[in-house]
Amino acid sequence: NKRIAVSPIASVAAGHGTDAMVRIAKRLDQAAADVGVDLLGGFGAMVHKGMTSSAVALIDSLPEALSQTGRVCSGISVASTRAGVNMDAVLKLGHTIRAMAE
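According to our numbering, the sequence shown holds residues 849 to 950 in order.
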């Protein structure tokens with residue numbers, strides 16, 4: 849598998865809403881296909897210190913974004929040794945993952 853990664857999209861796309869995050873995921877998926885990459889990482893957010901509005905939008909977009917793309921992978925950092933565990937983020941992700949599974 850050929851893989852590439854981008855900077856966490858929640859940081860890059862600050863100020864964008866859920867619909868924009870889905871469009872970004874689709875664009876990333878197409879870009880990965882255009883360059884012959886199997887997996888593209890970085891459709892994610894660093895929320896261990898708190899959730900920004902763009903991080904919330906990205907998390908809310910995950911069910912639609914991941915179901916409409918084939919190469920995009922997501923990761924959300926909810927904890928660090930220094931900041932501890934962001935339990936609000938864990939709860940939100942738990943609900944989001946459950947919604948994706950149903």
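Don't be surprised by glycine CBs; every beta carbon is placed ideally from N, CA and C.
These numbers were taken from a predicted model, which means no experiment stands behind them.
If you follow the beta strand (DSSP E) that residue i is part of, which residue opens it and which one closes it?
i	result
residue 879	Note, residue 879: premise wrong, no beta strand (DSSP E); alpha helix (DSSP H) at 866 to 882.
residue 889	887 to 889
residue 851	851 to 853
Do the CB positions of residue i and residue j come within less than 8 Å of each other?
i	j	result
residue 854	residue 890	yes
residue 922	residue 942	no
residue 902	residue 937	no
Give me, in chain order, the residues of the same chain whose beta-carbon lies closer than 8 Å to that of residue i; leave out the 5 immediate sequence neighbours on both sides.
i	result
residue 851	885, 886, 887, 888 and 889
residue 860	854
residue 864	872, 902 and 905
Out of the options, point me to the one whose CA is closest to residue i's CA.
i	options	result
residue 897	946, 932 and 866	932
residue 948	937, 908, 920 and 924	908
residue 916	874, 864 and 849	874
residue 881	849, 864, 911 and 901	849
residue 868	900, 918 and 913	913
residue 950	935, 918, 900 and 911	911
Say the cut is 7 Å; is the CB of residue i nearer than that to a heavy atom of the ligand NAP?
i	result
residue 926	Looking at this structure, you won't find the ligand NAP or any other ligand, since it has none at all.
Just to confirm the assignment, what range does the alpha helix (DSSP H) spanning residue i have?
i	result
residue 946	935 to 949
residue 913	901 to 915
residue 858	857 to 860
Might you give, ordered along the chain, the residues of its own chain that have their beta carbon closer than 6 Å to the beta carbon of residue i, omitting 5 neighbours on each side?
i	result
residue 876	888 and 920
Would you please state the rounded distance, in angstroms, between the beta carbons of residue i and residue j? I believe it to be under 8 Å.
i	j	result
residue 895	residue 924	6 Å
Residues in the same chain with beta-carbon distance under 7 Å from residue i, minus the five sequence neighbours each way, listed in chain order, please.
i	result
residue 856	890, 892, 893 and 894
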